[in-house]
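Quick note on our numbering: the sequence shown kicks off at 3 and runs consecutively.
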Amino acid sequence: MSDIMGEFRSFGWPSRLLMINQFGINLGFYMLMPYLAGYLAGPLGLAAWAVGLVLGVRNFSQQGMFIVGGTLADRLGYKPLIVAGCLLRTGGFALLVIAQSLPMVLVASAATGFAGALFNPAVRAYLAAEAGERRVEVFAVFNVFYQAGILAGPLVGLAFMAVDFRLTAAGAAAVFALLTIAQLFALPRRAPAAAETASSVFQDWRIVTSNRSFLLFALAMVGCYVLSFQVYLALPLHAAVLSPGHASVMVAAIFVVSGVVAVAAQMRITRWLAARWGSGRALAIGMMVIALSFMPLLVVPDAWFGGLVALAALLVTTAVLAVGSAAVFPFEMDTVVALAEGRLVGTHYGFYNTIVGMGILAGNLATGYVLQIARDHGATKLTWAALVAIGLLSAAALHALARNGHLQPVADRQVVSTGQ
3 MSDIMGEFRS FGWPSRLLMI NQFGINLGFY MLMPYLAGYL AGPLGLAAWA VGLVLGVRNF
63 SQQGMFIVGG TLADRLGYKP LIVAGCLLRT GGFALLVIAQ SLPMVLVASA ATGFAGALFN
123 PAVRAYLAAE AGERRVEVFA VFNVFYQAGI LAGPLVGLAF MAVDFRLTAA GAAAVFALLT
183 IAQLFALPRR APAAAETASS VFQDWRIVTS NRSFLLFALA MVGCYVLSFQ VYLALPLHAA
243 VLSPGHASVM VAAIFVVSGV VAVAAQMRIT RWLAARWGSG RALAIGMMVI ALSFMPLLVV
303 PDAWFGGLVA LAALLVTTAV LAVGSAAVFP FEMDTVVALA EGRLVGTHYG FYNTIVGMGI
363 LAGNLATGYV LQIARDHGAT KLTWAALVAI GLLSAAALHA LARNGHLQPV ADRQVVSTGQ
């Protein structure tokens with residue numbers, strides 16, 4: 003812990019404030035989101051496909067609309083987008099308090115997602131600009147705070163869930179209301195660079211879409227996001243099947259394990275990978291770990307070996323998935339900035355998450371459908387086998403991109419190719 007705090011103190015005030023802010027964001031978010039699938043499938047009585055649709059819409063309205071948030075961040079500055087996003091998420095979670103039908107839940111989920119589209123690119127671009135050449139380090143420490151919020155959020159949410167889901171939603175809304183006020187008054191304003199606002203929006207987008215290496219990288223990372231998102235969809239639903247009387251406790255356990263592993267191991271994982279391999283190979287290795295994390299559930303897909311064994315397999319999958327995600331995140335964020343070559347960073351983050359958001363929407367619908375088919379036909383292994391296959395394909399794609407130099411800036415590739 004002292005090692006993490008030493009790294010934390012080595013960064014400037016804006017970076018430290020954004021790390022603390024991210025802890026608060028995840029505290030409020032994970033108070034509610036781990037229990038949303040169970041609430042939709044339980045008290046609201048939605049089918050598995052509808053649950054997948056709601057979660058997919060939330061993610062698409064966030065990931066898919068990052069293009070808007072990223073573009074606005076480059077043009078208006080990072081602080082206004084961070085404050086606006088926190089305010090909108092306050093409203094989205096407040097709406098979930100009274101939502102009782104699928105259309106209302108979809109509207110609340112869309113508002114909550116779009117809020118993330120506003121503040122997430124701005125936070126990451128702000129951090130990258132503040133960190134300079136220390137991007138990998140700053141994103142590693144940032145992820146510790148990120149995961150600490152994941153650790154604390156479900157535990158706080160579980161206490162609220164003992165009363166009612168609507169109380170949980172109200173508590174999450176209150177957290178984001180406080181964050182809105184804090185960022186409004188405490189976060190220094192960082193103006194966008196003049197060079198990034200001189201051209202039109204469509205010219206900016208043309209620059210991003212002509213960056214072939216960047217687009218290939220975003221497509222290769224779709225599989226990573228589809229698998230990582232199963233913490234919200236497949237794993238909680240599987241926990242409810244294995245332990246229907248204690249589903250909320252098992253969901254909390256999933257997020258506690260994920261958070262503890264990430265907080266305890268993030269800096270060691272990042273330093274170990276950075277000392278041995280560059281970003282490209284580290285990404286491929288991390289993606290391979292994510293893919294193999296679902297193997298325990300492929301081997302033990304149900305309670306045939308006993309309920310405790312099945313629950314242990316679920317938690318092992320969670321822990322290994324957390325290790326893989328911790329390995330990928332700092333290098334992923336650094337690679338986006340590197341491929342952007344320091345220009346229109348917010349817009350690049352926006353496009354990046356728009357691409358993976360479209361993949362998440364399709365992946366969630368497909369996963370929900372496969373889960374339902376697998377249950378109906380007693381073939382639960384099918385879901386986990388499909389997820390492993392997706393992860394292996396993504397790892398292979400990242401390895402190919404790294405081997406061919408597509409995960410390096412153009413200038414670096416030219417230096418390598420000329421032997422300089």
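Just so it is clear, CB atoms sit at the ideal spot from N, CA and C, and this is done for glycine as well. Since we're looking at a predicted model, the values are computed, not measured.
By the criterion of a C-beta distance shorter than 6 Å, S327 is surrounded in its chain by S230, once the five residues flanking it on both sides are discounted.
The DSSP-derived three-state label of L294 is helix. Annotation: I22 to F216 spans about 30 Å, alpha carbon to alpha carbon. If you check the CB distance, V330 and L294 do not come in under 7 Å.
Residue range 137 to 163 is occupied by the alpha helix (DSSP H) that includes E139.
In the structure shown, H350 falls within a helical segment according to DSSP collapsed to helix, strand and coil.
The criterion of a C-beta distance shorter than 7 Å is not satisfied by T73 and T356.
When A179, E334, A397 are compared, the shortest CA-CA separation from I287 is found for A397. Nearest C-alpha to G118 among R18, L363, G71, E139: G71. Annotation: A267 to F13 spans about 20 Å, alpha carbon to alpha carbon. Scanning its chain for C-beta atoms nearer than 6 Å, with the 5 sequence neighbours on each side dropped, one finds around A171 the residues L34, F95, L98, V99, in chain order. Of the candidates P411, S281, V347, L403, the residue whose Cα lies closest to the Cα of A142 is S281.
A distance below 7 Å separates the beta carbons of V339 and R137.
The closest CA to that of A150, considering only A236, G261, M223, A255, is found on G261. Here the segment 107 to 117 makes contact with the segment 58 to 72; the two share three or more CB pairs at distances below 8 Å. The criterion of a C-beta distance shorter than 7 Å is not satisfied by L83 and A130.
In this chain, the alpha helix (DSSP H) harbouring D76 covers 68 to 78. For Q185, the enclosing alpha helix (DSSP H) starts and ends at 167 to 188. Counting along the chain, the unbroken alpha helix (DSSP H) around M35 starts and ends at 15 to 43. Taking one beta carbon from each stretch, the segment 379 to 392 and the segment 249 to 258 have fewer than 3 pairs nearer than 8 Å; the two do not touch.
Counting along the chain, the unbroken alpha helix (DSSP H) around R278 starts and ends at 249 to 278. Our two residues, I6 and A276, have alpha carbons roughly 17 Å apart in a direct line. Between the C-alpha atoms of F162 and L169 there is a straight-line separation of about 6 Å. For P156, the CB contacts under 6 Å within the same chain, skipping 5 residues up- and downstream, are Y32, P36, A254, F257 in chain order.
Counting only the Cα atoms, L235 lies some 34 Å from G79. H379 sits in coil when the DSSP states are folded into three classes, being neither helix nor strand.
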